[in-house]
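Chains as they are written, first to last, in the working numbering: chain A, 26 to 304; chain B, 24 to 581; chain C, -10 to 200; chain D, 2 to 441.
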Amino acid sequence: MALSFYPGCSLEGMANDYARSITAVFEDLGIDLVEIDDWSCCGSTAAHSLDETMSVALPARNLAAAGEMGLDIVSPCAMCFNRLRYAQLMLKRGSFDIPWQVDTGLAVHDMTRFLAAPDMLAQIRKRVVRPLANLKTVCYYGCQMVRPPSITGHTDFENPQTLDAIMGAVGAQVKDWSYKSTCCGASIGIGRREIRDTLTNRILDKAAHTGAEAIVVSCPLCQANLDTVPRRPGAGRLPVFYFTELMRLAFRPAAEAGWFRAHLTNPLPLLNTKGLVAA
Amino acid sequence: MKNTAHPHISGKALVVGGGIGGIQCALDLADTGFYVYLLEKSASVGGTMARLDKTFPTNDCSTCMISPKLVQVARHRNIEILTLSRLAALNGEPGNFRVQIEKQPRYVDQEKCIACGACAQKCPQKVPDPFNGGLSMRKAAYLTFPQAVPLKYAIDAQNCLYLTRGKCGLCRRICPTRAIAYDQQPETLELTVGAVVLCTGFELALTRQNGEYGYDRYRNVVSSLQYERMLSATGPYGGHVRRPSDGRTPHRVAWIQCVLSRDPSRNRPFCSAVCCMHAAKQAVLTRQHDPDSQATIYFMDVRAHGKGFDDYIERARAHYGVHYKRSMISQVYLEPDSEALIIETFDHHLNRKVEETYDLVVLSSGFKPSEAFGDLAKRLEIDTNPYGFALTDFQHPVHTSRPGVFVCGATETPKDIPETVIQAGAAAAEAAALVHPARHRDVTSETTPPERALDAEPRIGVFVCHCGSNIAGVVDIEKTVAYAKTLPHVAYADHFLFSCSNDTLQKMEALIRDKRLNRIVVAACSPRTHEPLFQSVLQKAGVNPYLFELASIRDQCS
Amino acid sequence: MANRQPSGPKPAVADQFTGRRLIERGHSRFLEHTQNATGIDIGACYQCERCTNACPVARYMDIKPHQVIRYTQLGWREALIHSTTIWVCLSCEMCTTYCPNAVDVAGLINHLRNTAARLPIRPAEKELAQFHQIFLEELRRFGRVNELWLMATFNRRPDILKKKLKDGSLKEDLSLGFNLWRRGRLKLLPHRSRGIGEIRKLYRHRHGESD
Amino acid sequence: MDLIRASTARAARLEALSDHTYSVTKTGLVIGAGIAGMTAALALADQGFAVHLVEKEGSLGGFANNLTGTLEGNSPVALVHALAERIKTHRNVHLHLGSQLVAHRGHMGAFAGAIRTTSGEEAIQYGAVVVATGGSAYTPTEYLYGRDERVVTQVELSRRLQTDLDWARGLRQVVMIQCVGSRNEAFPFCSRVCCSAAVKNALLLKELNPGINLVVLYRDVRTFAFKELYYLKARRRGVLFFRYIPQAPPEVHRENGTLVVDFTDRSSHQDFGIQLDLLVLSAGIRPNAGSAQIADLLKLPTTEEGFFLEAHVKLRPVEMATAGIFIAGLAHSPRFIEETLTMAKSAAQQAAKILCRGQMTTSAAVAEVDEQKCTACLVCVRVCPFGAPYIGDEGVSCIPPSACMGCGICTAECPAGAITLKHSTDDQITAKIDALLENP
């Protein structure tokens, strides 16, 4: 099976660890991710905020490229996913004067949705050699992957299940909580940091209060936010994993501890106590 | 004097749906000289009203109000209740329809069942009780609710071990009257009626699937009907409001209005008309149950458009201290430890979000026509609006698009009990106008033998009732009977398992004749509703009905 | 940050847009124009405040989401495009998702933000506006956006640099940057995509229309 | 056991009673020939019963004659015509226009009364009564109504919209104020229909004059059930709805000739001063002036607002406490035309329950007056909740068995002890009590 892969800018920088784990996991699952040739930025919030047309045109270039490969698109980044879907919908609806031919029939998956399909979950369960049995997690989806449902297709926007299902499949304990898709404020993190800090800290507090030992995410922006936000003095931190990192952990008899050095909030002590990495 | 005019018009009518609308309509037709088939899909009549605790604006007990009506339909000689039944087909023309009724087996012989409850006691199979919104369990052999009419047990085929796996059969072994009948088969009845009235009622639009406000995700988020059961003395918690999660009494309760009402985004743009008053009433009752409680209603507009309703809202606010917050909620959050619920609103004075914590959240769900009505409407080829309610005409507000088929209650629009009762009368009037040439033709009237001349000496007959175990459990029946025999004028004394069951009544009648009894005392349950029942027995036996006395030993002793 | 978010619109606005203006200037013109441009049914709103209750940043907005709808109905364009609201909005889509009348509140706010961006006015949230601009400029330079360079360009802006030096947030930035670099999470050199030509063409094309 | 002893003791003293029976007058009386009255009369007539329909005005239709169209686009006037046609031609209906009921006595199944017409009095017999005295529109004293021709009611507006289209197209700014004369100290009721009336006229104005600025000032919009769809439609058409609170109602005044309404928008927190060329008041519904006289004559209880008070709010909504008398339409409460039609048919059906019977029996367990002991002190007349007792020709109290409900209040109250409640006679009760007390 092959998919056209749209990594998005973050996976080249801040989230390159995410990128590595994705490659590894998909290798393990025997699925080819064909990176879209010479992909370019989706425009993110900026294009959307300043120039509606650009927010359609920029993703369109990548949709077009994927179209040439004739492969459905999978996107690991919630923001990119949202922008691609949005552009696709707009192009379906109205005509935009853009220089690219776009096949709007192409499916755009968010990576978690793709992996949470029943047959995929079965595959994942087969690969698990080390169930993460006593790891207490909460899954955090953020906004862009689930809202608005009209674009993302997540009708369970308030209580999405894809990450929960995947974490369940690798044997982790998944706690339900109410803040799965509460916004972390990433999009204005630079301009109005204090707002971002307030929102992100609240999410970390709620996660800790739920009794989770770690937060599982799929969005690079969310991860960066939750992992790097300054905490109130005294307030603890939780390791923030990309779901693919934990999948990889479950797929391998022994994990390379080095894998996790990219995290600011060091997850090794936790993984240690759970006997998931060698001390 | 039999009416023989217009032989092609039938003097019978079919009322579909045994809720308060159907019951009222059946009575209004039967009391004006027509024979009525009252069709009910479940095992007993009563509908939603039987599930309510109290009702606005009087705060009268709902059961107490509907019970007499239930007894009335049950004992009306010209009303035939067909439970577990559905209207399969309708042919012919107004005044002379041929209807096909599909009747599902009850697996309990209605003639034999004396409602002693032994089957349910012994039945090993527990299932969530739909009557209590799944908040409690009932057995596979069950009685819908204590005052059910007909007061006969039923076995639900989906869950009965014997019917599903051929195992068990316990109830058949222990039933004192051999009433259990696993071999009952579905039957189809062919009836002729002159008119049809549809009173199929409503159900909540809120379902386990659509997950509004964490419904079916958080244990302490309940629907308005579930909360109604929680308030009710016959409910899952015996009238003490408890949290489903931990059984503690909730002190902070919130209502969220317009759940799946006034919500075009969910293609439910209409208003369900009764939820505002319903919530106000529940809030008032909550404050009455527990003076320390705090009741908050989140709403948009208070729709108290009925007679005296605003006054009720005002009392809820001023006298009972119910908080009204004109603000709609997006999402309900869970407090993990206590399973309390957090509601976020924006406070304009503080200019910030405020988190309010509640022990219990009640969702005032909008209405939709009852599930079965959709197909029924198709089968009967009657027009419905985009939301599935029956379409009627301005000048003829209870006429469906099919002549001779009338409608009442929430089948037409969401409406409260009084409006439903009113509409039931109107539907009855239209049906009667259609078939009135056949008035009195298909009904029978009481014929009583002439009264026996009264012997000078009183000869009192005393009948003591076990009422299953209700009385027998507390009172020593044998002793009581023996004692009664010693009393002056007592010519005869005996005891019965259930005096009110049909076969007992026949025995009683015979005894009165044979023993020439001329005064009758029945020591039984209190409900005055039973007095006319026993009086009719006296009449049948040729004894003046006023020579009857009821000793209410169930209330006052047991 | 109470000082940073005036509650309710600025007084000037209130005076400028009294009921009388409501009548003489057909308020409906702006409403119609906005409805046509966005396809959003703004009239449908019944002011239930679900959007404002759902909004995570309402407190930082001078015109709350439900008021944005009301202001649009009243034709108060000026107040809206000068508001902090349009810049503070996170596009988290809570308001749109939960609106019972299916009013795309976030879409409306974004449309107003787009409008404001096109006009020669000082945005109420300068840094937020600037960040978006810089992001698009970076995109124009390389076709992709490199976080390190993005931050660098942003912080190089004199006014921003001054402010960040003052409140010490520049130090924070640097230490965070260093931490991330140590963990190999910073890509030092931006990748320039081959298709940069057609992307820049697209930009020129856009500006050709918009001014 | 004690209970059984007590019961048997009483049983020994029980006496045979025979229920009282009498024959039923198979004719109905309907008071008021508005939509409710005409519908009730026809509902009875169509079932083969004779009906007297008494209307104090000279014409049929009542309140509905002022109405133009409904929210859903139906015509009340057409309905009135349709009903009137049938009323005039129906063989079972005896129509008495310009007439009034001036006397009424008797009981369920056998009432007797008198109608006064211009040509004198006519005695009538009837077995059941439907009261449909209808309602009237409140005449506002608020908001310069009657002092400025630019201030009108919703009813007046809709009438003018029928005839004067150019005027409607000329309007630029219109404001509607809800709950005028409703939901206040003087009149706590909600008039139920005003919100829909406002929405209806608003839509109509937008239809005729799309450029118009329309503002509705409300407290709660009460377009319940499917009427909500029209409220939604009005919003989509650009009608602006602003909520006001009773503590700060809108203020209307004239500024050198121009009409101005001041109010605060609860949403934008802005004060508005709108110059307008038409102010429309949603004036509430009141009971008909005539209903007081009927209430008096028929001894019927009413609410403080003057609407008739039904026997039971939930389960007997169209019955009065006095058996044989029923209620329909605006006389009961403000309601929509469909609801009035429904209620009238329902009331008629309850009446039919009586009229369809040849004979009527009443329980024998009723109060009986000992004429020797009675001193005609009127206590029973006063205390009876059903107005059964009256002082008969012999100057002593009579309690018609058919009117007595057997509640026993009079028995207890009668100072002379002249009244006994059969089946609960003193010796039966005392026997029971003695038996209870004695020890076996």
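Where a beta carbon is used, it is the ideal one built from N, C-alpha and C, also for glycine.
From a predicted model like this one, the values you see are computed outputs, not experimental measurements.
Outcome for residue i when other beta-carbon atoms lying within 10 angstroms are tallied against a minimum of 16
i	result
E16/D	exposed
Y103/A	First, the residue type needs correcting, since residue 103/A is Ala and not Tyr in the sequence shown. Label assigned to A103/A: buried.
Q5/C	With a pLDDT of 40 at Q5/C, under the threshold of 50, the predicted position of this residue should be treated as unreliable, and no value is reported.
F429/B	buried
A303/A	exposed
A40/A	buried
F167/C	exposed
T86/C	buried
Y569/B	buried
R110/A	buried
R18/C	exposed
I12/C	Annotation note: pLDDT 44 at I12/C (below 50); position unreliable, coordinate value reported separately. So I12/C counts as buried.
P294/A	exposed
Extent of the continuous beta strand (DSSP E) to which residue i belongs
i	result
Y60/B	Y58 to L62
G121/D	G121 to Y127
V220/B	A218 to L221
Q127/B	Counting along the chain, Q127/B falls outside any beta strand (DSSP E), and DSSP gives it neither H nor E.
Residue interval of the alpha helix (DSSP H) (run including residue i)
i	result
Y231/D	E229 to R237
K502/B	I500 to T509
H105/D	Looking at the DSSP string, H105/D is not in any alpha helix (DSSP H); the run it does join, the beta strand (DSSP E), is Q101 to H108.
H312/B	C298 to H312
V384/D	V380 to V384
F285/A	Where F285/A is concerned, there is no enclosing alpha helix (DSSP H), given that its DSSP letter is neither H nor E.
CB-CB length for residue i against residue j, believed under 8 Å
i	j	result
L356/D	A129/D	6 Å
E114/C	V77/C	6 Å
L241/D	V216/D	5 Å
I32/D	L102/D	6 Å
C294/B	A327/B	Rounded, the Cβ-Cβ distance is 13 Å, inconsistent with contact.
E306/D	P288/D	7 Å
Contact set between residue i and chain C, taken where Cβ atoms lie within less than 8 Å
i	result
E37/A	R133, N135, K176 and H180
N41/A	G173, R174 and K176
Under 7 Å from the C-beta of residue i: neighbouring residues of chain B
i	result
H179/A	Residues of chain B passing the Cβ test: none, with the nearest at roughly 12 Å.
Neighbour list for residue i in chain A, Cβ cutoff strictly below 8 Å
i	result
R183/C	D63
Contacts that residue i makes with chain D (C-beta to C-beta distance below 8 Å)
i	result
S17/C	G212, N214 and G239
Within chain D, partners of residue i - CB distance below 7 Å
i	result
Q56/C	S268 and S269
Within chain B, partners of residue i - CB distance below 9 Å
i	result
G236/A	P359 and D360
Y60/C	Correct list: empty, because the minimum Cβ distance to chain B is about 15 Å.
Under 7 Å from the C-beta of residue i: neighbouring residues of chain F
i	result
L233/D	Reference to chain F is not applicable here, since the protein chains of this structure are A, B, C and D.
Under 8 Å from the C-beta of residue i: neighbouring residues of chain B
i	result
E183/A	G234, G237 and Q354
Beta-carbon neighbours of residue i, restricted to chain D and to distances below 9 Å
i	result
N101/B	None at all; the shortest Cβ gap to chain D is about 12 Å.
Closer than 9 Å at the beta carbon, the chain C residues around residue i
i	result
E93/A	Per Cβ cutoff of 9 Å: no residues; E93/A is ~13 Å from chain C at best.
Self-check item: the segment 416 to 428 of chain B contacting the segment 245 to 261 of chain B, beta-carbon criterion three pairs below 8 Å
Solution: no
Quiz prompt | Validate contact between the segment 111 to 126 of chain D and the segment 260 to 271 of chain D using beta carbons, cut 8 Å, 3 pairs | solution = no
Quiz prompt | Touch test, the segment 302 to 322 of chain B against the segment 399 to 411 of chain B, Cβ-Cβ under 8 Å, three pairs minimum | solution = no
Quiz prompt | Sufficient close CB pairs (3 or more, under 8 Å) joining the segment 271 to 280 of chain B to the segment 380 to 394 of chain B | solution = yes
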